[in-house]
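**Q** Line order of the protein sequences matches chains A and B. In this text, residue positions in the first sequence follow numbering that gives the first Met the number 0: the first is 0, and each later residue adds one. In this text, residue positions in the second sequence follow numbering that gives the first Met the number 0: the first is 0, and each later residue adds one.
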Amino acid sequence: MFSLKPKPFNGGVHPKGYKELTQQQDISKSFVPDRVYLGMQQRNGSMLNSLVAIGDQVTKGQLIARGSNDMTVPLHSPVNGTVEDIKPFLSSHPSGIKSQTLVISNNGDKRWGEDYPSSDYQKLSHEQIVERVLKAGVVGLGGAGFPTGIKLRLARKSKVHTLLINGGECEPYLTCDDRLMREQASEIIAGIKLMAKAIGATSTIIAIEDNKPEAINAIKQACDGFNGISLKVVPSLYPMGSERHLIKAVTGIAIEPGQLSTAQGILVHNVATAKAVYQAVRYQRPLIERVITVSGDAVESPANITVPIGSLVSQVIAECGGLKAEAKRMIAGGPMMGQVLPSPFVPIDKSVGGLLALSEEKINQRESQDCVRCGNCVKVCPMGLMPFQMAAHSNNDDWQGAQEFGLDSCLLCGACSYICPSSIPLVQYFQHAKSNINAQRSMTQKSNLARQLTEARQQRLAREAAAKKAAKAAKRKRPTRSRNTQGES
Amino acid sequence: MAAFNPVAAPHTHSGLSTTNIMYLVILALSPAALHGVWLFGLPAVTVLVSCCISAWLSEVVCLQLQGKNWLSSVDGSSLLTALLLAMSLPASTPWWIASIGCAFAIMIGKHVYGGLGHNPFNPAMLGRVMLLICFPFELTNWQATSSPSLGAEGLAFSQQWMGIDGVSAATPLADLNQVQAWNELLIGTHAGSLGETSALLIALGGLFLIWRGIIRPYIPCSLLLGIAIPASIAHWINPQDFASAFSHLLSGGAMLAAFFIATDLVTSPTSPRGQLLFGAGCGLLIWLIRSFGSYPEGVAFAVLIMNAGTPVIDHYLRPKIFGSQSLFKRSKGA
Ligand code: SF4
Ligand code: SF4
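(1) Residue 389/A to residue 233/A, Cα distance in whole Å?
(2) Just how far apart, CA to CA, sit residue 91/B and residue 134/B?
(3) Taking the continuous beta strand (DSSP E) assigned at residue 268/A, which residues delimit it?
(4) Can you pull the chain A residues whose beta carbon is under 9 Å from the beta carbon of residue 319/B, in chain order?
(5) Run through chain B and tell me which residues come within less than 9 Å of residue 110/A, C-beta to C-beta.
(6) Would residue 9/B count as contacting chain A if we go by Cβ distances under 7 Å?
(7) Out of 297/A, 270/A, 186/A and 348/A, which has the shortest C-alpha to C-alpha gap to residue 355/A?
(8) Ends of the beta strand (DSSP E) at residue 215/B?
(9) Measuring CA to CA, which of 97/B, 144/B and 118/B is closest to residue 128/B?
(10) Around the Cβ of residue 0/A, are there at least 16 other Cβ atoms within 10 angstroms (buried) or fewer (exposed)?
(11) Does any C-beta atom of chain B lie closer than 7 Å to the C-beta of residue 458/A?
(12) Alpha carbon to alpha carbon, how far is residue 455/A from residue 434/A? Give it in angstroms, no decimals.
(13) Is residue 387/A near ligand 1, in the sense that its beta carbon is under 6 Å from a heavy atom of that ligand?
(14) Alpha carbon to alpha carbon, how far is residue 10/B from residue 257/B?
(15) Within 10 angstroms of the Cβ of residue 417/A, are there 16 or more other Cβ atoms? Answer buried if so, exposed if not.
(16) For residue 302/B, would you say it is in contact with chain A, using Cβ-to-Cβ distances shorter than 7 Å as the test?
(17) Shorter than 6 Å, the distance from the beta carbon of residue 423/A to the closest heavy atom of ligand 1, or not?
(18) Is residue 74/B buried or exposed, if buried means 16 or more other CB atoms sit within 10 Å of its CB?
(19) Roughly how many angstroms separate the alpha carbons of residue 86/A and residue 193/A, rounded to a whole number?
(20) For residue 18/B versus residue 421/A, is the C-beta spacing smaller than 7 Å?
(21) Using the Cα positions of residue 152/A and residue 197/A, report the straight-line distance between them to the nearest angstrom.
(22) Please classify residue 86/A: does DSSP put it in a helix, a strand, or coil?
(23) Assign residue 70/B to one of two classes, buried (16 or more other C-beta atoms within 10 Å of its C-beta) or exposed (fewer than that).
(24) Should residue 27/B and residue 208/B be called a contact, given that it needs their Cβ atoms to be closer than 7 Å?
(25) Which residue marks the beginning of the alpha helix (DSSP H) containing residue 122/B, and which one marks its end?
(26) Within the same chain, show all residues whose beta-carbon is closer than 6 Å to that of residue 280/B, passing over the 5 residues directly before and after it, in chain order.
(27) Along chain B, in chain order, which residues have C-beta atoms closer than 8 Å to that of residue 18/A?
(28) Closer than 7 Å, Cβ to Cβ, to anything on chain D: give me those residues from the stretch 245–265 of chain B, in chain order.
(29) What do you reckon, is the C-beta of residue 284/A under 6 Å from a heavy atom of ligand 1?
(30) Counting only Cβ-Cβ distances shorter than 9 Å, please list the residues of the stretch 315–330 of chain A near chain B, keeping chain order.
(31) For ligand 1, any of its heavy atoms closer than 6 Å to the Cβ of residue 289/B?
(32) How far does the alpha helix (DSSP H) with residue 243/A in it reach, from first residue to last?
(33) I want to see whether chain B comes within less than 7 Å of residue 267/A, judged by CB atoms only; does it?
(34) Does the beta carbon of residue 42/A sit closer than 7 Å to a beta carbon anywhere in chain B?
(35) According to DSSP, is residue 109/A part of a helix, a strand, or is it coil?
(36) Could you check which residue in 384/A, 111/A and 255/A has the C-alpha nearest to that of residue 283/A?
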């Protein structure tokens with residue numbers, strides 16, 4: 000289509016939003032699961048150590064498991080109740096892998112176990128803010144799930160000057176950030192100010208897509224009168240939520256391939272994370288629940304809903320009236336990048352922002368045909384890659400060829416698959432190629448390590464032999480001289 | 000019930016399909032084709048129909064031989080090839096010559112290389128060149144126009160329009176210097192190939208495709224400029240021997256090439272810079288062949304020559320990876 004507005008970045012697509020399904024609905028807080036399932040293994044693979052045993056009473060907000068370092072965020076009980084069981088249970092990982100899981104029954108009491116007086120949080124030092132964020136187990140709620148405290152601390156180290164808050168929410172169907180901005184703008188702004196203080200940022204920009212006028216208004220009012228916070232309305236274009244593209248759209252800076260945004264002095268956080276930071280710092284409340292959008296044409300009553308972490312997908316769906324008969328696929332996240340859920344009985348973890356139940360019609364997947372080299376995928380790729388070439392190489396197991404065409408820069412954003420008229424599952428090829436390359440990398444790493452160890456051993460043996468020989472020779476020649484004991488050690 | 004086996008994202012699709020694209024292009028071409036029928040009458044219909052039938056039959060045979068589902072012959076791609084070839088032929092071309100050309104285009108131009116998406120050369124133009132070499136007389140025998148006239152008793156159709164006898168005429172390309180009224184060229188009331196005469200209708204069809212996002216403006220613009228710039232310079236230096244840019248752009252297959260032939264998805268480069276280069280190359284070659292070559296029309300040759308370069312262009316003129324430009328700047332600055 001013709002548009003006279005300059006595009007914020009090259010490429011991108013305009014998938015139909017379907018936001019009207021849930022956009023006008025207040026966040027519902029009435030959902031109370033009868034039990035929650037909390038996995039002891041985090042997304043990045045690190046393990047938590049349980050601090051409770053079967054039969055223990057736990058209170059809402061109580062610390063129940065802890066990792067060995069700051070990279071492993073602590074786990075708190077989302078409900079008041081009893082530890083019923085500790086057993087292997089499904090996680091939301093698409094492989095359907097099971098991990099050790101705490102099962103806590105809920106007694107329905109919604110009060111916090113411990114209530115901290117709301118201290119004069121505005122006087123806290125930046126390190127105290129980070130400490131509280133770390134202690135509260137806050138992770139990025141935009142989907143990556145990286146510990147927020149660590150991110151803040153690293154940002155300060157690399158002298159970040161600009162805090163960019165992502166209110167883009169470019170995935171179709173999802174409206175939870177939109178609702179959060181409309182309903183809790185002042186908490187978000189307070190959280191943003193705390194984050195800005197924690198990293199020492201001199202300017203803060205909140206970016207919101209232009210298809211959320213109410214959210215824009217609410218945020219505008221909430222930050223009225225504060226210096227240093229500015230609001231930037233960006234055009235709605237997928238993938239605006241990608242960190243690099245948001246930065247490009249707002250500041251005009253293009254982060255180089257392989258570079259982190261902090262190298263340019265910019266840190267990106269999501270609006271929901273800002274709210275969690277506020278809760279963590281002001282009330283010292285851990286992150287035990289989040290707002291998600293339950294939507295799609297195959298769910299009875301789509302909603303924005305606050306769910307305790309660890310609630311089962313099946314319970315949340317039941318709360319929203321259940322599935323319709325035409326439901327064909329359940330997805331965690333949005334339709335562009337979300338994962339198919341391996342089962343309805345998986346717990347929702349901190350990084351899940353949406354649950355979608357879609358019908359065949361909305362998935363709109365057809366049999367793939369041969370590539371006609373139409374170049375559509377090249378046109379929409381926001382990273383400036385040539386997806387059809389990368390796919391051709393990946394298809395021939397030529398990982399190196401795929402990398403030469405930029406596979407490492409691929410966001411797996413799905414814009415190319417979305418537009419391809421031949422319905423070629425391009426992203427599937429890239430995921431496959433990426434996992435193969437990763438496997439190869441860790442293999443070479445392992446064999447390198449093994450080789451280094453063998454070499455070291457051989458050198459050591461050779462050294463010992465030489466030393467022994469020298470010692471023997473020395474002994475024979477001058478028996479009175481003190482022996483060099485190095486060889487015997 | 001929902002299926003819980005993992006499938007890769009995205010879980011939605013734009014709904015764009017190859018078949019859609021093909022039929023949209025055919026739709027965009029049809030006004031110019033109908034205009035050809037209006038101008039040249041039943042002979043034009045014969046050429047169009049024989050091309051379509053021959054292309055479809057060839058497609059079915061080839062798919063059968065490869066053990067593929069013959070039903071995919073209705074995907075529009077062979078129909079589009081047939082239409083493009085027919086529109087580049089004189090309306091007086093005998094039906095069997097047109098059929099041979101189309102069969103060649105589909106079988107040799109497309110399926111020998113593995114079918115849709117794998118052919119390096121534009122099939123319609125391959126067919127056109129093959130016919131030009133094998134049947135030089137028929138392929139340069141331009142029928143005079145004979146559009147029906149509106150008289151007192153309604154529309155009157157001439158004998159020629161009914162295909163009963165034919166009168167040939169010179170095309171503007173034969174002597175580009177002879178000054179042609181530009182509005183005649185634009186609307187297309189002159190002799191020429193079946194579907195190439197109305198520059199206006201073709202350009203409108205092309206703009207429609209650009210508006211719908213099927214083609215991008217890079218190739219049309221650079222191709223037209225590729226003709227216009229050298230033509231203007233030469234005309235300015237020596238107006239006796241070189242036709243003006245206007246005559247070049249509005250006559251022959253220039254418009255058709257710019258919007259429909261050079262923009263063929265399969266055989267043109269995919270990146271914007273590649274498309275700019277490709278279009279400019281086509282335009283320049285068209286002008287060179289018209290001005291210095293022994294053929295009056297250069298579109299088919301120019302497009303085929305540039306097709307041969309497409310893989311190289313695609314290899315060297317890739318889009319810039321996001322952010323890599325600043326890397327380039329920085330390393331130069333450092
Ligand atoms: S969009 Fe699909 S058909 Fe078109 S070039 Fe890319 S992979 Fe090929
Ligand atoms: S998935 Fe990768 S290749 Fe495809 S559009 Fe996104 S970044 Fe480009």
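We treat Cβ as the ideally placed atom computed from N, Cα and C, and that holds for glycine.
**A** For this structure:
(1) About 30 Å.
(2) Looking at the backbone, the Cα of residue 91/B and that of residue 134/B are separated by about 13 Å.
(3) Unbroken beta strand (DSSP E) run through residue 268/A: 265–269.
(4) Going along chain A in sequence order, the residues near residue 319/B (Cβ under 9 Å) are 9 and 383.
(5) For the C-beta of residue 110/A, not a single chain B residue is nearer than 9 Å; the gap to the nearest is close to 36 Å.
(6) Closer than 7 Å: yes.
(7) Of the residues 297/A, 270/A, 186/A and 348/A, the one whose Cα lies closest to the Cα of residue 355/A is 297/A.
(8) Element bounds for residue 215/B: n/a, residue is neither H nor E.
(9) Ranking 97/B, 144/B and 118/B by Cα distance to residue 128/B puts 97/B first.
(10) For residue 0/A, the predicted model reports a pLDDT of 41, less than 50, meaning its position is unreliable and no value from the coordinates is stated.
(11) Residue 458/A does not count as touching chain B.
(12) Between residue 434/A and residue 455/A, the C-alpha separation is close to 31 Å.
(13) Yes; taking the cut-off as 6 Å, the Cβ of residue 387/A has a heavy atom of ligand 1 nearer than that.
(14) Looking at the two C-alpha atoms, the distance is approximately 36 Å.
(15) Residue 417/A should be labelled buried.
(16) So, not an interface residue.
(17) Yes, since a heavy atom of ligand 1 falls inside the 6 Å radius drawn around the Cβ of residue 423/A.
(18) So residue 74/B counts as buried.
(19) Answer to the nearest angstrom: the Cα atoms are 39 Å apart.
(20) It is not a contact, given that the beta carbons lie outside the stated cut-off.
(21) Our two residues, residue 152/A and residue 197/A, have alpha carbons roughly 8 Å apart in a direct line.
(22) Residue 86/A: strand per DSSP, three-state reduction.
(23) Exposed is the call here.
(24) Result yes, Cβ atoms of residue 27/B and residue 208/B sit closer than 7 Å.
(25) Counting along the chain, the unbroken alpha helix (DSSP H) around residue 122/B starts and ends at 122–133.
(26) These residues qualify, in order along the chain: 305.
(27) Neighbours of residue 18/A on chain B: none; closest Cβ ~14 Å, over 8 Å.
(28) Among the chains of the structure shown, chain D does not appear; the protein chains present are A and B.
(29) False, no ligand heavy atom lies under 6 Å from that Cβ.
(30) Within the stretch 315–330 of chain A, those residues whose Cβ lies closer than 9 Å to any Cβ of chain B are, in chain order, 322, 324, 326, 327, 328, 329 and 330.
(31) No, since every heavy atom of ligand 1 falls outside the 6 Å radius drawn around the Cβ of residue 289/B.
(32) Taken as a continuous stretch (DSSP letters only), the alpha helix (DSSP H) holding residue 243/A covers 242–250.
(33) Residue 267/A does not count as touching chain B.
(34) Cβ-Cβ to chain B under 7 Å: no for residue 42/A.
(35) Reduced to three states, the DSSP call for residue 109/A is coil.
(36) Restricting attention to 384/A, 111/A and 255/A, the CA atom closest to the CA of residue 283/A is found in 111/A.
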